[in-house]
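J.: Numbering (our numbering), first residue to last: -16 to 212. Next up is a structure, given as structure tokens.
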Amino acid sequence: FGWKKRWKEFFLTITVVAVAIFATLLLFKLDTWTIYYEKVIRTLGRLPSDGHVAYQCVNGFMTHLFIYDQQWHPFPLFALSERTVFLIGVSLSILVILFVFRNRPANDHQTAMSFSAAVAAGVVTAPLAEEYHFVLFLPLAISLFSCMFSKNREPLRFGLIELATIGGILLLTLPLPYKSLQYSRAPLILLAYPKLYGGLLILFGFARYQKRNGLNKLAPSIPVGENTH
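What follows is the structure, given as structure tokens:
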């Protein structure tokens, strides 16, 4: 809401969250929040087990590939410190978000799609995300698919947006046995993240769609039959 400068909804959301937190303080007291912070917030996405290939997100990908752990990922591409990998993962997640939302919506339909994209982007950039979380890509995938094959589009074409979206949908839906690659060495381990790749492809298709339609809106209209030089 803040990114779209919808300040009424932005402050309303903050108010609702603050009221909910205050209500839980009355019920559970401050100790519960303190324990939650120490046991969940501080360790979320930063434990060795979070590098299991079941977690199809940027953070899990980075943890598995660049942190050595004898039990969970004994064959990293090369070993880095946990702090370094965490910071790189956060930086990459921010870049994904900036790339997806660098173009402002050109119309109300694209504005609605941007909310679906925000939910979808929250999956791949979350500290932890398993396969079932990718059902949150469904609204965005349906919207993009309907735009690609709209009856008003003649002739039908398969450009970068269409190929990225279709490829992403296939990676998200095909029952690929990627969990069996948990202890594979490089470069085979790179095949263990099809859901992450599929999600990123769909987000790429959305970003390109937003950019293309934004350019089309800015392009001057040329009357039919008018000669230009």
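Just so it is clear, CB atoms sit at the ideal spot from N, CA and C, and this is done for glycine as well.
Between the beta-carbon of G188 and the beta-carbon of G151, is there less than 9 Å?
T.: Taking 9 Å as the Cβ cut-off, G188 and G151 qualify as a contacting pair.
J.: Assuming contact is defined by CB atoms lying nearer than 9 Å, are L179 and V118 in contact in what I supplied?
T.: Taking 9 Å as the Cβ cut-off, L179 and V118 do not qualify as a contacting pair.
J.: Are the CB atoms of I185 and A103 within a distance shorter than 9 Å?
T.: Yes, the pair counts as a contact, with Cβ atoms nearer than the cut-off.
J.: List the endpoints of the continuous alpha helix (DSSP H) containing E(-8).
T.: Run containing E(-8): -10 to 19, per the alpha helix (DSSP H) assignment.
J.: By Cβ distance, which residues of its chain are closer than 8 Å to L164, with the 5 residues on each side in sequence left out?
T.: Within the same chain, L164 has close Cβ partners V36, L171, I172, L174, A175.
J.: When the Cα atoms are used, what is the spatial distance from Q193 to Q93?
T.: If I take the Cα positions, the gap works out to 7 Å.
J.: Under a three-way DSSP split, which group does H35 fall into?
T.: DSSP places H35 in coil when its eight states are reduced to three.
J.: Which residues share a DSSP beta bridge with D52?
T.: Paired residues: H56.
J.: By the three-class DSSP mapping on this structure, what secondary structure does G(-15) have?
T.: Correct three-state label for G(-15): coil.
J.: Given this structure, state the Cα-to-Cα distance separating L157 from L(-5), to the nearest angstrom.
T.: Distance between the alpha carbons of L157 and L(-5) is about 40 Å.
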